[in-house]
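Quick note on numbering: UniProt numbering labels position 205 of the sequence shown as 205, and the sequence is numbered without any gaps. Notes for the one structure printed next.
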Amino acid sequence: MKNPLFPSAALAAALALAPFGAHAGSVFLNGVKIDGVTNQRFEKATVRIDEAGNVHIDAPGYAARVTTVTPPAPAAPAQAPAPGTAAGTATPAAKAPPAAARPAPGAPTAPGRITQRYWLVTEQPVPGMTGYDIDVFVNSKWLRKLRGNEDQVVVEITRDLRPGANKVTFIARKGNAADARSSSPGHVFRVIIGEGNEGGGNVMIDNPLIRFQKTAADTQDATQEFTLTTR
């Protein structure tokens, strides 16, 4: 499938569509099957129903991506109490922070919880051509390695983020130059992080926030840091 488009915010490019009643057919957006996704309206779209009951939506400026969703890693199990410590023993109450460490009156505070869902998606027209692997860190904690020779990665990272500002760091390392398969700037390894939703096996990123990429023409290792503010 071709790389997805990410239309501007004015076009509201995240795509989700409620099933049209109990018809026996499927729903297609610009030729892409999007059964199961919900809660979206389209502007300036043409809708037709074919003889099999399939609903076809032709909406210029919108695009959908069909992907396999990688579920988030399960939370770490609770650790057993240390030897000689009774389970359930209360710990001493933490002391209140000194006055200098408390937020000043009227100072902005981070939201108490994250209300959006955040996804990491990779794009490569031809995997393995750039010769790069990319390590991803969130708030100085290693998240995962994205390998240049692997298929597309689509993973939700919401639970790895905290409310408010987050530091996202990419470290790209070039492999052995003698093993390079291409030197073309047209061979790109791109990583996108943004707000989106999942439904029916589809992930729609309607608000891309971070883009990091390397091409086969690049020859040096690179590190780049971004600030991602959740909401």
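C-beta atoms are modelled at their ideal positions from N, C-alpha and C, and glycine is treated no differently.
Starting from Ala204, follow its DSSP beta bridges and name the residues at the other end.
-> Here the sequence assigns Met to residue 204, which means Ala is not the residue at that position. Met204 pairs with Asn197.
What do you reckon, are the CB atoms on Arg211 and Gly131 nearer than 8 Å?
-> Not closer than 8 Å, so no.
Ile114 to Glu225 span [Cα, whole Å] = Straight-line Cα distance between these residues: approximately 21 Å.
Just to confirm, are Val154 and Leu146 a CB contact at a threshold of 8 Å?
-> Not a contact, by the Cβ cut-off of 8 Å.
Within this structure, are the beta carbons of Ile34 and Gly200 separated by less than 8 Å?
-> Cβ distance < 8 Å, so Ile34 and Gly200 count as in contact.
Are the stretch 172 to 180 and the stretch 192 to 208 touching, with three or more C-beta to C-beta distances below 8 Å?
-> A contact between stretches requires three or more CB pairs, one per stretch, nearer than 8 Å, and the stretch 172 to 180 fails this requirement with the stretch 192 to 208.
DSSP three-state assignment for Gly84, whether helix, strand or coil = Unreliable positioning characterises Gly84 in this predicted model, as indicated by a pLDDT of 47, which lies under 50. The coordinate reading is nonetheless provided below. Looking at Gly84 - three-state DSSP - the assignment turns out to be coil, as it is neither helix nor strand.
For Thr169, does the three-state DSSP call read helix, strand or coil?
-> Note: Thr169 maps to strand in three-state DSSP.
Mapping DSSP to helix, strand and coil, what is Arg144?
-> Of the three classes helix, strand and coil, the one that applies to Arg144 here is strand, per DSSP.
Applying the criterion that 16 or more other CB atoms from any shown protein chain within 10 Å of the CB defines a buried residue, is Leu5 buried or exposed?
-> Residue placement at Leu5 is poorly supported in this model, since its pLDDT is 44, which falls under 50; the coordinates still yield a value, given next. Counting the other Cβ atoms within 10 Å of the Cβ of Leu5 gives fewer than 16, which makes it exposed.
Reference Ile134, options Ser26, Arg144, Val126, closest by Cα | Residue Arg144 holds the alpha-carbon nearest to the alpha-carbon of Ile134 among Ser26, Arg144, Val126.
Limits of the unbroken beta strand (DSSP E) element including Arg48 = Looking at the DSSP string, the run of the beta strand (DSSP E) that includes Arg48 is 46 to 49.
Limits of the unbroken beta strand (DSSP E) element including Val136 | From DSSP, the beta strand (DSSP E) with Val136 extends over 132 to 138.
Nearest to Ala59 by alpha carbon, out of Gly196, Asp151, Thr229, Val47?
-> Ranking Gly196, Asp151, Thr229, Val47 by Cα distance to Ala59 puts Val47 first.
From this set, Asn207, Ala177, Ala165, Asn30, which residue's C-alpha is nearest Phe42's C-alpha?
-> Distances from the alpha-carbon of Phe42 to those of Asn207, Ala177, Ala165, Asn30 put Asn30 closest.
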